[in-house]
């Protein structure tokens with residue numbers, strides 16, 4: 001039987017690496033309201049998705065690197081609502097949870113993503129520097145492509161014969177570009 005993967009792009013709630021920087025703290029109320037809105041929409045989306053998958057066996061849930069390494073027994077301690085909802089679904093389906101990448105990949109991505117913010121706050125003269133902006137944009141694209149490849153590689157290696165999985169990933173990513181190249185036997189189901 002063929003392996004299957006449900007591809008589910010999501011908008012993340014604000015990760016803690018962002019909440020610790022100075023620009024976040026300056027605009028805390030705005031970020032907090034945006035995060036609540038994102039969280040409400042994401043929970044609604046996840047509920048709809050999980051209802052549509054109610055009758056399907058889900059063997060494994062893959063989540064992009066921002067997902068903390070929780071064991072299902074720690075479900076009660078999860079702070080981010082969407083992660084709590086995903087873990088609850090996994091627990092009910094008796095699915096295993098796999099990360100799609102190592103911590104180093106998403107930390108480097110988060111640093112590059114926040115580099116422009118860092119430069120604007122601490123080096124205001126570089127704020128409108130064309131060359132700096134071009135380097136940052138190019139770096140982001142490279143890191144995103146590298147992460148997409150790593151996600152696809154790990155899915156293709158960890159999804160066992162005749163298993164069905166769900167891959168959650170940020171909307172800026174496109175791991176589907178690599179999954180079929182690495183493992184043509186995996187059926188992609190887009191959500």
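Numbering (the numbering used here), first residue to last: 1 to 191.
Beta carbons: idealized from backbone N, C-alpha and C, even for Gly.
Apply the 10 Å Cβ neighbour rule to residue i and answer buried if 16 or more other Cβ atoms are within range, or exposed otherwise.
i           : result
residue 175 : buried
residue 169 : buried
residue 7   : buried
residue 131 : exposed
residue 52  : exposed
Please determine, among the options, the residue with the shortest C-alpha to C-alpha distance to residue i.
i           : options           : result
residue 157 : 138, 98, 11       : 98
residue 43  : 1, 11, 144, 154   : 11
residue 86  : 34, 165, 4, 142   : 165
residue 60  : 53, 82, 95, 8     : 95
residue 63  : 124, 151, 134, 55 : 151
DSSP state of residue i, grouped into three classes?
i           : result
residue 75  : Caution applies to residue 75, whose pLDDT of 44 falls short of 50 and renders its modelled position unreliable; the value that the coordinates give is listed next. In this structure, residue 75 counts as helix in the three-state DSSP scheme.
residue 188 : strand
residue 58  : coil
residue 98  : strand
residue 124 : helix
residue 171 : coil
residue 53  : coil
residue 66  : Model confidence at residue 66 stands at a pLDDT of 49, short of 50, so the residue's coordinates are unreliable and nothing is read from them.
residue 178 : helix
I'd like the span of the alpha helix (DSSP H) that includes residue i, first residue to last.
i           : result
residue 157 : 130-158
residue 84  : 81-93
Compute the distance between the beta-carbons of residue i and residue j, then report whether it is under 9 Å.
i           : j           : result
residue 188 : residue 180 : yes
residue 148 : residue 3   : no
residue 177 : residue 100 : no
residue 159 : residue 58  : no
Assuming residue i is part of the beta strand (DSSP E), what are its boundary residues?
i         : result
residue 4 : 3-10
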